[in-house]
Amino acid sequence: MKSIRFSAFFCVVALVGVLSAQEGPRRGQIKKMDAAKRTVVITSDGKDITLEVNDQTRVVRANGEKVDDFFKEKSFAAGANVLFLADGATLLGIRLQPANTGKGPQRGKLVKIDLEGLQVTIKTEGKEIVAQATDDTRLFEASGDTLKARLASFKAGADVQFLIMMRDGMNLLVGMRLFQDAKTPPPAKFDSSKLVPLDELGNKEYQAGFKGGFYPDGKNTRPKAHEDAGLARAKS
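According to our numbering, the sequence shown is numbered sequentially starting from 72.
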């Protein structure tokens with residue numbers, strides 16, 4: 072039964088990219104990864120689930136590419152939104168959710184600031200969201216010459232307005248500021264007109280060394296080896 076469920080999961084990931092609820096996958100967000108213990112904690116339906124990762128665990132990027140080492144893949148990190156399939160405490164397969172544009176500006180409470188990982192945890196609508204800050208993150212009214220220093224300007228417990236966009240399955244913090252009441256000016260609008268879509272970047276880089284394109288080397292066409300592997304598995 073385990074092998075049947077696993078094969079169904081991988082075939083859907085490799086060929087279609089959409090996971091059916093009939094196969095048993097669940098949506099969640101990575102909370103913590105422990106390479107030494109080879110475990111990952113995923114928050115799903117408001118609960119934290121600790122799962123063991125082994126050599127048979129299938130790990131797939133949002134574009135369908137297989138990942139060889141789960142713990143070395145930068146896109147799988149705290150805050151990443153995923154689809155996953157588990158058998159008891161064992162992780163059978165995991166896939167990054169495809170990118171989307173998010174929900175637009177939101178209001179929430181700043182729960183935690185991770186200055187080393189440059190991440191923030193914000194509670195909104197009863198759920199906690201972990202978002203990654205980058206050098207492009209706009210932190211309004213924050214002072215400091217570095218991103219770490221600007222993040223330190225905010226304090227846990229503060230009411231904030233924020234904008235998150237999902238890219239490569241990860242929540243990216245586009246902007247954040249302290250919540251402004253009706254007596255204060257509205258927040259400045261974020262100008263996204265200068266942002267270049269991934270499929271137009273080519274070999275140019277974004278986020279400290281990541282190349283553009285949907286596939287390696289800045290390309291938007293699926294590599295022949297990946298295409299052939301998917302067709303071969305479909306025929307089997």
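Where is the CB? At the ideal position from N, CA and C, for every residue including glycine.
Where the alpha helix (DSSP H) containing residue i begins and where it ends
| i | result |
| --- | --- |
| A157 | Per DSSP, A157 belongs to no alpha helix (DSSP H); it is in the beta strand (DSSP E), N152 to D158. |
| D299 | K295 to K306 |
| K219 | L218 to L222 |
One or two residues paired with residue i in a DSSP bridge
| i | result |
| --- | --- |
| F233 | Q177 and M247 |
| E276 | K282 |
| L122 | V111 |
| K137 | V131 |
| T192 | K183 and V201 |
| K143 | None, per the DSSP bridge assignment. |
| N242 | M237 |
| K226 | Paired residues: none, contrary to the question. |
The beta strand (DSSP E) enclosing residue i, as first and last residue numbers
| i | result |
| --- | --- |
| A202 | K198 to Q203 |
| R132 | Note, R132: premise wrong, no beta strand (DSSP E); not H, not E. |
| S214 | Looking at the DSSP string, S214 is not in any beta strand (DSSP E), and its letter there is neither H nor E. |
| L269 | Here L269 belongs to no beta strand (DSSP E), and DSSP marks it neither H nor E. |
| L163 | T161 to L167 |
| D308 | Within the shown structure, residues of the chain are numbered from 72 to 307, placing residue 308 beyond reach of any answer. |
Sub-8 Å separation of residue i and residue j beta-carbons
| i | j | result |
| --- | --- | --- |
| L162 | E136 | no |
| L269 | G284 | yes |
| I165 | I200 | no |
| I193 | A227 | no |
| K295 | G289 | no |
| T205 | L243 | yes |
| S115 | R132 | no |
| G215 | A223 | yes |
| T217 | A160 | no |
query = Any contact of the stretch 237-250 with the stretch 208-228, i.e. 3+ C-beta pairs under 8 Å?
reply = yes
message = Using 8 Å as the cut-off, can you tell me whether the stretch 145-163 makes contact with the stretch 95-105, which would need three or more C-beta pairs spanning the two stretches below that distance?
response = yes
task = Check whether the stretch 119-129 touches the stretch 173-187, counting contact only when three or more Cβ pairs, one atom from each stretch, lie closer than 8 Å.
result = no
message = So, does the stretch 187-200 touch the stretch 153-162, judging by three or more C-beta pairs under 8 Å?
response = no
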